[in-house]
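Final position of the sequence shown in our numbering is 1462; the numbers increase by one with none missing.
Using N, Cα and C, we set each Cβ at its ideal position, and we do this for glycine too.
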Amino acid sequence: MSLPFAKIFIQAIRITRANKFLWIFGLLLVSGQLVNYTLGLEEKLPIDPILGLVGLIVLIILNFRAKAGLIIAVKAIIEKQDTSLKTSFAFSKLFYQRILAIAILVQLGLLILATLISAPIFFLYDHGYLIRALLLGIFGLGIFIPTMLLGVFINLLSPMFVVLFDLTISEAFRRSFELIMKHWPTLIAFGFLLFIVEFIAFSPLVFLGFLAYHSGGLIYIIFGSIVFLLMQPLVAVFSQTAWVLAFTDLIKPQKLADPEPVAVPEVITGD
1192 MSLPFAKIFI QAIRITRANK FLWIFGLLLV SGQLVNYTLG LEEKLPIDPI LGLVGLIVLI
1252 ILNFRAKAGL IIAVKAIIEK QDTSLKTSFA FSKLFYQRIL AIAILVQLGL LILATLISAP
1312 IFFLYDHGYL IRALLLGIFG LGIFIPTMLL GVFINLLSPM FVVLFDLTIS EAFRRSFELI
1372 MKHWPTLIAF GFLLFIVEFI AFSPLVFLGF LAYHSGGLIY IIFGSIVFLL MQPLVAVFSQ
1432 TAWVLAFTDL IKPQKLADPE PVAVPEVITG D
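Structure below.
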């Protein structure tokens, strides 16, 4: 099955532009970068560890509630149902824990696989078996790269199965795996094109960075930083919206017989 890529991107842009309350979700989605910033501050400033831990937990919860809320809101907008920031965020509490668990399980699985692959490679390298280490490294990459792509797509698709069909974690994993196996060329092509669109969106910032580097102008640095901070949430909303649109297109031919879909029009109502 081929997706209407251009139509999806155009619709995602229109939804992002027309529904400005989604930008708040985008701001919370990029709060993951604030987690890294917070961890960096803890190393440089005398921040209370307990306070830092509480702040970290709050940022993580907000990040995953924003993801669930954005999926709920976009689905409602697609179906021309009333929605709002308050309503969609309120219902995100039903799903964010499962989405967080999915992210942890995927990352943990990839970390374990990377450890299992790299450990014998480093062992061979440390003992002077360079050729064997190189060959094993190539073989390991052949295993890890496809598995990593699988993990990335499961991490993208499983939350939508959880939110839109109220599936358990294991069922969301299974449905995502089936969808990936059926449409992996389409998913890879869509992900690549979406990356290109995002790169084009940020390309003016690359130019500003180039000017700042060569001219040393503080104005370019300040302006570029402001634009970057403003664009990040918008691009995050556009990207997640595009994935929801692609997901709904891909599952149209499928019949999810076991669980009943969440009645989004009933869940998402106007204030």
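What residues in its chain sit with their C-beta under 8 Å from that of F1352, if we drop five residues either side in the sequence? L1358, E1362, A1363, R1366 and S1367
Taking the Cβ atom as the reference point for each residue, do F1216 and V1388 lie within a distance shorter than 8 Å? no
Taking 8 Å as the threshold, find out whether the region 1289 to 1309 comes into contact with the region 1270 to 1280 through three or more Cβ pairs. no
Taking one C-beta from the region 1281 to 1295 and one from the region 1322 to 1340 each time, how about it: are there three or more such pairs within less than 8 Å? no
With 16 other Cβ atoms within 10 Å as the buried cut-off, status of L1182: Since the first residue of the chain shown is 1192 and the last is 1462, residue 1182 is not available in this structure.
When we look at the beta-carbon of S1283 and count the other beta-carbons within 10 Å, is it buried (16 or more) or exposed? buried
Decide if S1430 is buried, meaning its Cβ has at least 16 other Cβ atoms within 10 Å, or exposed. buried
DSSP three-state call for Y1287: helix, strand or coil? helix
Test item: CB-CB of L1219 and A1281 under 8 Å: no
Are the Cβ atoms of A1259 and A1433 separated by less than 8 Å? no
So, under 8 Å CB-CB, G1342 and G1300 are touching, yes? Tell me the CB distance rounded to an integer number of Å. 7 Å
Alpha carbon of L1232 to alpha carbon of V1221, nearest angstrom: With a pLDDT of only 49 at L1232, under the threshold of 50, the placement of this residue in the model should not be trusted; the figure read from the coordinates follows. For L1232 and V1221, the distance between alpha carbons rounds to 18 Å.
Compute the beta-carbon to beta-carbon distance between G1331 and I1312, rounded to the nearest angstrom, for a pair I have assumed lies under 8 Å. 6 Å
S1193 classed as buried or exposed, judged by whether at least 16 other C-beta atoms fall within 10 angstroms: exposed
Rounded to a whole number of angstroms, what is the C-alpha to C-alpha distance between A1380 and R1208? 25 Å
Which of the three DSSP states is assigned to F1212 in this structure? coil
Express the C-alpha separation of A1427 and F1419 in angstroms, rounding to a whole number. 12 Å
Between which two residues does the alpha helix (DSSP H) containing L1194 stretch? Looking at the DSSP string, L1194 is not in any alpha helix (DSSP H), and its letter there is neither H nor E.
Could you give the DSSP three-state label for L1358: helix, strand or coil? coil
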